[in-house]
Amino acid sequence: MINTTVNLGGIKMKNPVATASGTFGFGLEYQQFIQLEKLGAIIVKGTTPAPRQGNPPPRIAETPAGMLNAIGLQNPGVNKVAGEIIPRLVHLNTPVIINIAGDTVEDYALVANKLDGVPGVAGLEINISCPNVKKGGIQFGSDPRSAAEVTRAVKAATKLPVIVKLSPNVTDLVAMAAAVAEAGADALSMINTLLGMAIDVDRRKPVLGNITGGLSGPAVRPVAVRAVWQVYRAVKLPILGMGGIMTTRDALEFILAGATAVAVGTANFVNPRATIEIIEGIENYLREQGFNNINQLTGLAHAGI
Amino acid sequence: MINTTVNLGGIKMKNPVATASGTFGFGLEYQQFIQLEKLGAIIVKGTTPAPRQGNPPPRIAETPAGMLNAIGLQNPGVNKVAGEIIPRLVHLNTPVIINIAGDTVEDYALVANKLDGVPGVAGLEINISCPNVKKGGIQFGSDPRSAAEVTRAVKAATKLPVIVKLSPNVTDLVAMAAAVAEAGADALSMINTLLGMAIDVDRRKPVLGNITGGLSGPAVRPVAVRAVWQVYRAVKLPILGMGGIMTTRDALEFILAGATAVAVGTANFVNPRATIEIIEGIENYLREQGFNNINQLTGLAHAGI
Amino acid sequence: MALLVQGEIVSHMERAPGVFMVEFIAPNLATVARPGQFLHIRCSEGNDPLLRRPISIHAVDRDRGRVGILFQVVGRGTALLARRKDGVIDVMGPLGRGFSTGSHNLMRAGSIAVVGGGIGAAPLFFLLQELARCGDPARVKVLLGARSANQILIKEEIENLGYTMELATDDGSVGHRGQVTELLLKLLPEGVSYVYACGPAPMLKAVCAFLSEAGIPGEVSLEERMACGVGACLSCACQVKAAGGGVHYRRACVDGPVFPAGEVVW
Amino acid sequence: MALLVQGEIVSHMERAPGVFMVEFIAPNLATVARPGQFLHIRCSEGNDPLLRRPISIHAVDRDRGRVGILFQVVGRGTALLARRKDGVIDVMGPLGRGFSTGSHNLMRAGSIAVVGGGIGAAPLFFLLQELARCGDPARVKVLLGARSANQILIKEEIENLGYTMELATDDGSVGHRGQVTELLLKLLPEGVSYVYACGPAPMLKAVCAFLSEAGIPGEVSLEERMACGVGACLSCACQVKAAGGGVHYRRACVDGPVFPAGEVVW
Ligand SMILES: Cc1cc2nc3c(=O)[nH]c(=O)nc-3n(C[C@H](O)[C@H](O)[C@H](O)COP(=O)(O)OP(=O)(O)OC[C@H]3O[C@@H](n4cnc5c(N)ncnc54)[C@H](O)[C@@H]3O)c2cc1C
Ligand SMILES: Cc1cc2nc3c(=O)[nH]c(=O)nc-3n(C[C@H](O)[C@H](O)[C@H](O)COP(=O)(O)OP(=O)(O)OC[C@H]3O[C@@H](n4cnc5c(N)ncnc54)[C@H](O)[C@@H]3O)c2cc1C
Ligand SMILES: Cc1cc2nc3c(=O)[nH]c(=O)nc-3n(C[C@H](O)[C@H](O)[C@H](O)COP(=O)(O)O)c2cc1C
Ligand SMILES: Cc1cc2nc3c(=O)[nH]c(=O)nc-3n(C[C@H](O)[C@H](O)[C@H](O)COP(=O)(O)O)c2cc1C
Ligand code: FES
Ligand code: FES
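Protein chains in written order, with numbering that gives the first Met the number 0: chain A, 0 to 304; chain B, 0 to 304; chain C, 0 to 265; chain D, 0 to 265.
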């Protein structure tokens with residue numbers, strides 16, 4: 000028997016594969032392709048206190064082995080999420096994690112508070128790293144003190160496990176991770192998108208309506224694996240690794256670098272069954288390589304280094 | 000008549016296309032494929048006070064639409080570069096720019112000083128952003144004060160134009176750019192590689208001998224274009240843009256974003272004639288779109304934004 | 000309920016310079032597809048280009064379990080797709096809300112206009128197949144526009160379904176010299192009660208303006224960049240008029256790509 | 000002086016499971032290429048996989064202006080290459096320092112051993128073509144090793160050049176059961192004066208050890224990851240013994256890939 004269950008800061012997952020926030024809607028859209036019950040966890044789109052319209056189109060641009068997005072946190076607001084959407088997921092035997100965002104520390108605390116005790120919510124992922132909104136988001140994610148402040152406020156507002164999602168657009172990711180760990184985070188999620196942009200050479204204008212956007216997909220994977228590697232060595236919190244995972248081998252890179260679990264984002268767009276294939280692939284790898292517990296792999300590439 | 004000459008902080012280039020440091024050796028290796036005289040400028044490998052052996056192999060890993068390198072500044076040292084290598088380039092009617100690196104501020108100043116007045120050297124590019132060496136390099140590149148200090152020291156040690164090459168691995172690139180501008184830099188070069196890594200899932204070990212490496216190639220282009228865009232808006236220095244330029248259109252993205260000139264790196268490995276094709280492609284674009292001077296394009300995508 | 004299909008390619012043809020028609024086997028897809036819906040197609044096996052490409056369902060042969068697409072090479076994705084002459088094609092679909100072909104439209108007094116510009120003709124053929132099956136081709140007027148005669152697509156196929164057609168080309172090499180919208184403007188007063196349109200944005204904008212002015216209902220198929228194609232990523236935002244006034248974003252991939260002409264904000 | 004060649008593919012064959020032989024037209028390349036040199040080959044047109052792949056020159060037909068490669072599918076690059084059955088192949092070459100086949104080697108008293116392991120046989124065929132042209136095949140002994148009989152490559156072709164051969168397979172399905180290095184060890188005392196070897200690193204390491212022990216000179220072809228292939232990027236560092244003692248890095252692409260057996264640091 001192979002044990003694939005992991006514990007992500009208090010969130011029990013039957014396998015280490017989650018869906019990345021913003022790439023999987025509220026899960027329901029993908030039910031036509033996969034059984035949601037098979038997933039390790041579902042992380043839904045960033046949720047803010049009030050509904051948001053998001054940014055003007057075009058909102059995406061394809062780049063080499065990646066894509067830029069500037070959705071701008073379009074979401075129906077926490078009340079609708081808690082009242083209408085989560086109830087449709089509550090029956091699932093899969094933890095649902097709500098990604099939360101805001102303009103101020105109070106916004107984060109408010110959303111966290113409203114989701115506290117809502118049946119069907121297994122944990123919160125604090126998005127302090129969204130590059131696509133004017134206020135909040137990445138601001139909190141680029142200064143250890145602000146990040147710690149948001150973390151503390153959210154922890155005070157909820158009994159749910161709190162995962163803090165870090166931005167790679169910083170000089171010292173380890174300092175960020177240490178600060179939010181100190182502030183009480185239960186787990187770390189990394190990485191959010193890299194800040195990027197593309198220019199339309201024919202129109203001589205930025206491609207995206209928002210000018211800049213967040214880079215995701217296979218292109219960023221080396222940066223993400225490095226982030227997990229560095230933080231795993233320095234901070235003793237479970238890590239949810241993500242950034243360009245398309246296949247089983249990609250997911251294993253993150254786990255070997257130190258991730259307890261992984262999230263699949265952009266890959267869902269290319270292959271809606273990517274998560275399931277990766278879940279099966281990891282089990283096969285464990286079996287073929289003679290492991291009986293996924294947790295044996297976490298951080299294994301650090302051995303002797 | 001189309002004017003393609005640009006002035007990169009005092010370095011006159013006959014066209015806006017240079018070769019990126021470390022990807023073009025000392026130029027001689029590529030003479031079998033292209034006429035070096037046709038290039039806008041040649042930027043040679045990072046040069047340090049003493050010879051360096053570099054990092055243990057493997058030194059590169061291919062990643063989606065990109066590559067990681069951890070060469071570790073292998074170079075014959077400034078004396079040999081000045082005494083044996085530059086003399087072989089002096090006859091070229093193309094400016095040769097020496098990329099310089101070191102462990103301490105004094106190292107940079109020493110190399111700059113030794114190259115001052117050496118016939119055939121048109122300028123210096125300060126590499127404060129190499130992610131592949133233990134000391135120096137990226138350290139100076141991640142703190143505005145240290146970057147400014149290196150810049151001042153080099154400026155004091157030489158009369159040559161000084162380009163400072165910035166690292167994208169920072170929270171606030173604009174602050175870095177502003178600090179080195181203030182310290183007297185004549186131009187900015189961006190971006191150096193993103194810090195990344197890859198793990199060999201079969202061996203369960205990092206692929207690179209040096210563990211982490213620098214990510215380059217098309218994968219990083221959106222990050223690089225964004226960097227040029229942001230700095231162009233904030234700092235009034237000419238920019239040498241680079242990061243994933245493979246084609247004419249890629250080069251034009253940088254120029255429209257604000258680059259005065261561009262450098263081609265990883266593309267040389269894939270297509271040794273990339274630089275020449277891009278030089279011709281830019282001329283054609285200017286002609287077809289009714290421009291008569293390349294400088295009209297620099298920063299044009301900012302119009303009205 | 001969309002399917003993930005690895006459809007075997009059974010025919011591949013260059014129908015006009017740079018425009019390709021590909022037919023593949025996908026019986027279940029053929030059964031459930033509706034006109035105006037689209038497929039999300041993987042063009043490379045590697046990571047570059049990364050995203051799928053949205054391409055309308057052009058024709059369906061339910062008896063033989065075949066689905067056809069008609070597409071123009073405009074960039075790297077479509078160029079790769081055009082090169083795939085055999086083997087399988089990886090498609091997700093049918094996706095989106097297609098044209099409403101319910102009896103309410105066909106039963107109205109007056110005639111129906113189907114207006115296509117350039118490659119916009121692609122989904123209209125499937126629409127015409129359905130209209131021919133459930134209605135009377137004689138009541139439908141097809142208007143097609145293109146840059147030049149050799150870019151007028153699938154004329155014979157449409158005629159074979161029993162439709163009459165008017166053409167417009169920019170260079171006048173066939174039909175009316177000018178825009179296909181000018182043909183529509185002339186036709187509208189002649190008792191047109193409903194309009195379906197697909198084509199480039201400026202054309203659709205003109206169609207919507209004409210319809211609004213004439214007070215005639217209709218629907219148009221929009222294009223927006225798409226990542227997921229299934230409503231999950233919010234990439235494909237289109238501005239449409241909200242019920243209570245004002246505007247809001249709808250997702251072209253699931254709320255569209257076909258929208259009522261009167262709702263689109265241009 | 001390397002060339003950039005778009006060579007038209009004229010033959011494509013799967014020679015063993017997962018091992019492909021491709022021949023293309025490149026008269027100038029055929030003229031200047033030397034055994035042991037390699038080509039740097041672009042496997043995709045897009046950005047992924049990005050880098051070229053180093054593949055040895057396997058065979059040269061100067062009369063017909065043809066160059067052949069023999070390669071094993073191990074990853075994405077070689078898989079894409081194997082699928083290219085016609086059209087052109089984008090190669091840079093000839094690159095690197097090949098085997099030294101100057102008369103000083105052939106003239107030595109004693110015989111020459113040519114040792115190949117697995118796909119390492121690829122460049123040895125070109126070497127044997129040259130040795131046959133300038134020397135006496137009877138003085139050369141060819142030793143080939145592989146996992147199993149069906150992985151023994153180009154046996155007939157080598158015999159057709161007039162060479163005698165001994166084989167070794169891991170499973171004993173043909174020839175000696177065991178390592179090809181064991182055959183070499185047995186052969187060395189029988190008057191071998193020079194050895195050429197190519198194969199996996201452990202095999203070459205053993206060859207170097209045997210040669211050093213026996214005091215016999217030879218050369219081995221190394222593999223290292225390469226970006227530029229022309230000496231510009233310093234990716235392909237191999238540790239070799241420095242003239243004045245100690246070790247230093249040499250570039251496999253220009254200082255190698257063939258190095259004197261005694262210089263390699265394992
Ligand atoms: C619902 C829908 C149905 C369509 N049906 C057809 C059809 O039947 N036949 C046909 O020829 N074309 C159709 N298109 C347009 C087609 O999707 C684009 O031409 C195609 O995506 C271009 O891809 P590329 O790689 O060749 O171009 P590139 O410009 O290299 O593509 C870069 C990115 O932009 C996106 N993109 C570029 N142009 C468009 C566009 N016009 N619409 C949406 N995304 C775009 C691509 O999907 C890709 O993500 C349809 C578009 C939509 C939204
Ligand atoms: C001088 C030289 C000559 C060679 N000649 C031949 C030959 O004639 N026939 C043959 O089958 N193989 C040969 N090889 C090995 C061949 O280069 C690799 O098998 C090939 O690069 C693998 O590419 P891939 O995309 O299939 O594998 P991947 O593992 O996906 O490649 C990933 C990256 O690693 C590099 N890489 C992987 N394996 C090797 C390797 N063994 N050596 C160098 N780089 C590697 C690739 O070039 C690429 O950059 C030679 C290697 C060298 C250095
Ligand atoms: C279209 C899109 C929307 C996203 N929205 C969010 C979001 O709302 N909140 C968040 O924390 N991350 C968001 N992300 C980031 C992803 O969750 C993930 O961190 C990132 O895309 C890297 O993973 P990937 O390369 O597998 O996509 C979004 C990413 C994409 C592509
Ligand atoms: C193999 C390799 C070696 C490099 N060596 C140096 C160096 O010595 N000094 C430096 O400033 N940058 C060095 N770089 C960075 C490049 O000059 C360039 O900034 C970077 O690769 C981004 O451009 P590209 O994507 O076009 O390659 C190196 C890059 C590569 C790939
Ligand atoms: S493409 Fe993802 S929501 Fe429409
Ligand atoms: S591969 Fe670039 S130096 Fe050898």
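In this text, a Cβ means the ideal position worked out from N, Cα and C, and glycines have one as well.
Problem - Cβ-Cβ separation, residue 99 of chain A to residue 46 of chain A (assumed contact under 8 Å), whole Å - result: 5 Å
Problem set entry | Coil, strand or helix - residue 195 of chain D by DSSP | Residue 195 of chain D: strand per DSSP, three-state reduction.
Query raised in the report: How should residue 159 of chain C be labelled, buried or exposed, when 16 other C-beta atoms within 10 angstroms of its C-beta is the threshold for buried?
Result: exposed
Q) Is there a Cβ from chain A that is less than 8 Å from the Cβ of residue 47 of chain D? A) yes
**Prompt:** In chain order, what residues of the segment 147-181 of chain D put their CB closer than 9 Å to some CB of chain B?
**Reply:** none
Close beta carbons around residue 36 of chain A, own chain, < 7 Å, minus the five adjacent residues each side: Spatial neighbours of residue 36 of chain A in its own chain (CB-CB distance under 7 Å, excluding positions within 5 residues in sequence) are listed in chain order as 91, 92, 93.
Next on the checklist: Under 8 Å: do the segment 280-291 of chain A and the segment 23-39 of chain A share three or more Cβ pairs, one atom per stretch?
Outcome noted: no
Margin query: Taking 7 Å as the cut-off, is the beta-carbon of residue 42 of chain D closer than that to any non-hydrogen atom of ligand 3?
Written below: no
Requested in this report: Answer yes or no: do residue 207 of chain A and residue 64 of chain A have a C-beta to C-beta separation smaller than 8 Å?
Outcome: no
Quick one: is the Cβ of residue 68 of chain B within less than 7 Å of any heavy atom of ligand 4?
yes
Residue 123 of chain A versus residue 104 of chain A - alpha carbon distance: 15 Å
Worksheet item: From the beta carbon of residue 43 of chain D, is the nearest beta carbon of chain C less than 8 Å away?
Response: Cβ-Cβ to chain C under 8 Å: yes for residue 43 of chain D.
- [ ] With a threshold of 7 Å, establish whether the CB of residue 228 of chain C neighbours any heavy atom of ligand 5.
- [x] yes
In this structure, how does DSSP classify residue 125 of chain D when only helix, strand and coil are distinguished? helix
**residue 235 of chain D versus residue 203 of chain D - alpha carbon distance** = 18 Å
- Query: Sorted by chain position, which residues of the same chain lie with C-beta nearer than 8 Å to residue 87 of chain A's C-beta, five sequence neighbours on each side aside?
  - Reply: 25, 27
* Asked: Is residue 221 of chain D close to chain B, meaning its C-beta is less than 8 Å from at least one C-beta of that chain?
  -> Output row for residue 221 of chain D: interface = no.
Own chain residues within Cβ distance below 7 Å of residue 89 of chain B, not counting five before or after: 118, 119
- Neighbour list for residue 64 of chain B in chain C, Cβ cutoff strictly below 7 Å: 46, 47
- Measuring only between beta-carbons, confirm whether residue 283 of chain A sits less than 8 Å from chain F. Protein chains A, B, C and D are contained in the structure displayed, whereas chain F is not.
Q) Should residue 306 of chain C be listed as close to ligand 5, given that the test is whether its C-beta is under 7 Å from any heavy atom? A) Residue 306 of chain C lies beyond the stretch modelled for chain C, which goes from 0 to 265, so this question has no answer here.
Starting from the Cα of residue 255 of chain B, find the closest Cα among B:224, B:18, B:168 and give me that residue.
Closest option to residue 255 of chain B, Cα to Cα, is B:224.
> Hey, how far is the Cα of residue 267 of chain B from the Cα of residue 81 of chain A?
Replying inline: When rounded, the distance between both Cα atoms is 53 Å.
> What residue from A:2, A:289, A:68, A:21 has the CA that sits closest to residue 164 of chain A's CA?
Replying inline: A:21
Are the CB atoms of residue 261 of chain A and residue 236 of chain A within a distance shorter than 8 Å?
no
Do residue 55 of chain D and ligand 2 come close, with the Cβ less than 7 Å from some heavy atom? yes
Could you list the residues in the segment 163-180 of chain A with a C-beta less than 8 Å from some C-beta on chain B, going in chain order? 168, 169, 170, 171
Discussion item. Less than 8 Å between CB atoms is the rule here; does residue 205 of chain B satisfy it with respect to chain A?
Written reply: yes
query = Is the beta carbon of residue 225 of chain C within less than 7 Å of some heavy atom of ligand 5?
reply = yes
| message | So within the segment 240-301 of chain A, which uninterrupted beta strand (DSSP E) runs reach at least 3 residues, ignoring any that extend past its ends? | response | 260-263
Query raised in the report: residue 70 of chain C and residue 24 of chain C: beta carbons closer than 8 Å?
Result: No, the Cβ-Cβ distance between residue 70 of chain C and residue 24 of chain C is not below 8 Å.
Original post:
Cα-Cα, which of B:246, B:188, B:180 is closest to residue 154 of chain B?
Top reply: Of the candidates B:246, B:188, B:180, B:180 places its Cα closest to the Cα of residue 154 of chain B.
Q. Looking only at its own chain, which residues have a Cβ that is under 8 Å from the Cβ of residue 50 of chain B, when we skip the five neighbours before and after it?
A. 74, 75, 76, 79
- [ ] Say whether chain B places a C-beta atom closer than 8 Å to the C-beta of residue 79 of chain D.
- [x] no
Given a threshold of 16 other Cβ atoms within 10 Å of its Cβ, counted over all protein chains shown, does residue 73 of chain C qualify as buried or as exposed? exposed
(request) Rank A:10, A:67, A:11 by C-alpha distance to the C-alpha of residue 198 of chain A and give the top, closest one. (result) Of the listed residues, the one whose Cα sits closest to residue 198 of chain A is A:67.
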